[in-house]
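**Q**
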Amino acid sequence: MARYTTTDETWIRPDEDAALAYGTRHKEYKRRKAGSREGVAKRSFEANPDVQRWLTEARDAEGAKAPFTPAALLGRRDGEWLLSSLSSFYEQDMIADVLREVKSGKEATVFCCTGGPACASELVAAKVYRPRMFRSLSNDVQYREGRTVRNESGKQVRLTGKGVPSRGSTKGRAFQVSSWIDYEYATQSLAYSRGVSTPRPYAQVGNSLLMEYVGDADMVAPRLCEIDVDRGEAQDLLDGMIQSIELLLGGHRIHGDLSSYNILAWQGRPYIIDYAQAVDPRHGDDARILLSRDVVRVAEALAPFGARVDARAVADRLWWAYLGQPV
Ligand SMILES: Nc1ncnc2c1ncn2[C@@H]1O[C@H](COP(=O)(O)OP(=O)(O)OP(=O)(O)O)[C@@H](O)[C@H]1O
Ligand SMILES: [Mg+2]
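This note's numbering applies: residue 21 is where the sequence shown begins, and numbers increase by one.
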């Protein structure tokens, strides 16, 4: 048997070389045999404390990543789901650790994480959709709300036809939810690129979105529904929001669920979040109604603090200006 040194790689290789030497006819058989031997030997080999130390030293020397085991996820019932949902961000150096849960919403849980070297933010927010969202539940709240499936360009997708899983099946459900998440990320990226006041999006993998964290190490930015605002600040926030709605509309999107629950306020600036219900006015009949509802709700949220605007007139102005653009 081959002698082995510090890494399991050098240990495996001699067996494989030997197997290859027998020629192609028995190659597959030998490869499998070597694989199973390797499995047994590797386990006992790695269990040895000296080898453990060598492996750690070799890994440190190579600068390889330590396994992803954030303490904040330990002991959670959904720990495994979260770990698998976030590990690719860790592998891609976009997060370094998970610090704490920020909030559990209707569909997803948001975590505060430290940004990795591949992220420009010290703190990042990871929004992880729950497994329940991917199951087929006939009475699910999302069905009742009638959320539609949209493709990258905002066009409604019909869940019928060859190769498309049926809407009621678990597969169809997963397809539908993934399309919402892709679309949410694409909309937030578009918003950010157009200068909308929104957290900078970093990545989306499967059921998870990664973006700039609004807040600091001590506290998360409050939602507009949770705070009192000074009179002057209220007017600035409202003006900033209307500007953002206009910028988003110029990119053919309406948020569709804008309210004091989906706006964070931090250092005098509003941050729009949660683009899951966004619509493309080129493809939706109710676009004008949704635009008006967004403007009215924002105005209503800030009115108690003295911010003034004729919300319906603003919505009309934005709409006609939008239609005046080449579509
Ligand atoms: N980038 C962020 N920075 C800081 N906190 C955030 C960020 N994104 C989301 N949050 C927090 O997480 C909460 C839930 O986020 P979001 O609204 O996107 O998810 P949701 O599942 O739709 O929740 P809800 O059902 O409450 O609307 C927000 O209300 C906010 O408190
Ligand atoms: Mg929300």
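Quick reminder that beta carbons are idealized off the backbone N, C-alpha and C, glycines included.
These numbers come from a predicted model, not from an experiment.
DSSP three-state call for R337: helix, strand or coil?
**A** Locating residue 337 in the sequence shown gives position 317, counting from the first residue. The answer is helix: DSSP assigns R337 an H, G or I state.
**Q** Who pairs with F131 in a beta bridge, going by DSSP?
**A** Your numbering for residue 131 matches position 111 in the sequence shown. BP columns for F131 point to E121 and A146.
**Q** Bridge partners of E232, per DSSP?
**A** Here residue 232 refers to the residue found at position 212 when the sequence shown is read from its first residue. DSSP, once it has assigned bridges, lists V144 as partnering E232.
**Q** Report the three-state DSSP secondary structure of R332 (helix, strand or coil).
**A** Position 312 of the sequence shown, counted from the first residue, corresponds to residue 332. Here R332 sits in helix by DSSP.
**Q** Where E246 and Q224 are concerned, what is the direct C-alpha to C-alpha distance, given to the nearest angstrom?
**A** One-based indexing of the sequence shown puts residue 246 at position 226. One-based indexing of the sequence shown puts residue 224 at position 204. Answer to the nearest angstrom: the Cα atoms are 28 Å apart.
**Q** Pop quiz: G95 and I115 are said to be a contact at Cβ under 8 Å. What is the actual Cβ separation, rounded to whole angstroms?
**A** Your numbering for residue 95 matches position 75 in the sequence shown. Your numbering for residue 115 matches position 95 in the sequence shown. Not really, about 20 Å apart at Cβ, beyond 8 Å.
**Q** For G344 and S124, I'd like the C-alpha separation in whole angstroms.
**A** For the purposes of this step, residue 344 is taken as the residue at position 324 of the sequence shown. For the purposes of this step, residue 124 is taken as the residue at position 104 of the sequence shown. Going from the Cα of G344 to the Cα of S124 covers about 41 Å.
**Q** Measuring CA to CA, which of S107, I283, S228 and Y295 is closest to P7?
**A** Since the first residue of the chain shown is 21 and the last is 347, residue 7 is not available in this structure.
**Q** Shorter than 7 Å, the distance from the beta carbon of D294 to the closest heavy atom of ligand 2, or not?
**A** Counting from one through the sequence shown, the residue named residue 294 turns up at place 274. Correct: D294 has its Cβ closer than 7 Å to ligand 2.
**Q** Enumerate in chain order the residues of its own chain whose CB-to-CB distance from M261 is below 6 Å, with the five nearest sequence positions on each side excluded.
**A** The count along the sequence shown starts at 1 and reaches residue 261 at position 241. Contacts found: P290 and V318.
**Q** If we ignore side chains and look at the alpha-carbon of each, how far apart do V122 and V240 end up?
**A** Within the sequence shown, numbered from 1, the residue matching residue 122 stands at position 102. Within the sequence shown, numbered from 1, the residue matching residue 240 stands at position 220. Between V122 and V240, the C-alpha separation is close to 7 Å.
**Q** Let me know the beta strand (DSSP E) ranges lying completely inside the stretch 265-305, each 3 residues or longer, listed in chain order.
**A** Fully enclosed beta strand (DSSP E) runs of 3 or longer: 283-286 and 289-292.
**Q** For A254, collect the residues of the same chain with a Cβ closer than 8 Å to its Cβ; drop the 5 residues on either side in sequence, then sort them by chain order.
**A** Residue numbering aside, residue 254 sits at position 234 when the sequence shown is read from its first letter. Answer for A254: L322, F325, G326 and A327, listed in chain order.
**Q** Run the CB neighbour count on P301, radius 10 Å, all protein chains shown included, and call it buried at 16 or more, exposed below.
**A** Translated into positions along the sequence shown, residue 301 becomes position 281. Buried.
**Q** For A333, count neighbouring C-beta atoms within 10 Å of its own C-beta (all shown protein chains included) and say buried if the count is 16 or more, exposed if not.
**A** On the sequence shown, residue 333 is found 313 positions in, with the first residue counted as 1. Under this definition A333 is an exposed residue.
**Q** Any idea if D294 is buried or exposed, counting beta-carbon neighbours within 10 angstroms, 16 or more meaning buried?
**A** Against the sequence shown, residue 294 aligns to sequence position 274. Result: buried.
**Q** Cα separation between N68 and I283?
**A** For this step, residue 68 is matched to residue 48 along the sequence shown. For this step, residue 283 is matched to residue 263 along the sequence shown. Near 54 Å, if we compare the C-alpha coordinates of I283 and N68.
**Q** How would you write the range of the alpha helix (DSSP H) that A241 sits in, first residue to last?
**A** Residue numbering aside, residue 241 sits at position 221 when the sequence shown is read from its first letter. From DSSP, A241 is part of no alpha helix (DSSP H); its letter is neither H nor E.
**Q** Quick check: what's the CA-CA separation for A92 versus D336?
**A** Here residue 92 corresponds to residue number 72 of the sequence shown, with the count starting at 1. Here residue 336 corresponds to residue number 316 of the sequence shown, with the count starting at 1. Computed Cα separation, rounded: 47 Å.
**Q** What would DSSP say about V225, mapped onto helix, strand or coil?
**A** Walking along the sequence shown from the start, residue 225 turns up at place 205. Note: V225 maps to strand in three-state DSSP.
**Q** What is the DSSP secondary structure of A319, reduced to helix, strand or coil?
**A** The residue you call residue 319 lines up with position 299 of the sequence shown. Looking at A319 - three-state DSSP - the assignment turns out to be helix.
**Q** Looking at A285: is its Cβ nearer than 8 Å to the Cβ of L338?
**A** What you label residue 285 is simply residue 265 of the sequence shown in a count that begins at 1. What you label residue 338 is simply residue 318 of the sequence shown in a count that begins at 1. Taking 8 Å as the Cβ cut-off, A285 and L338 do not qualify as a contacting pair.
**Q** Cα separation between A341 and R273?
**A** The residue you call residue 341 lines up with position 321 of the sequence shown. The residue you call residue 273 lines up with position 253 of the sequence shown. Using only the alpha carbons, I get a separation of about 14 Å.
**Q** Return helix, strand or coil for V206, following the three-state DSSP convention.
**A** Position 186 of the sequence shown holds residue 206. In the sequence as presented, Val is not what sits at residue 206; that position holds Ala. Three-state result, A206: helix.
**Q** Using a Cβ-based criterion (distance less than 7 Å to any ligand heavy atom), does Y149 qualify as near ligand 2?
**A** On the sequence shown, position 129 is the one that residue 149 refers to. No, ligand 2 has no heavy atom inside 7 Å of this Cβ.
**Q** Roughly how many angstroms separate the alpha carbons of L258 and P219, rounded to a whole number?
**A** Counting from 1 along the sequence shown, the entry for residue 258 is found at position 238. Counting from 1 along the sequence shown, the entry for residue 219 is found at position 199. Answer to the nearest angstrom: the Cα atoms are 18 Å apart.
**Q** For P367 and D117, which I take to be in contact (beta-carbon distance under 8 Å), what is that distance rounded to the nearest angstrom?
**A** In this structure the chain extends from 21 to 347, so residue 367 is not present and cannot be described.
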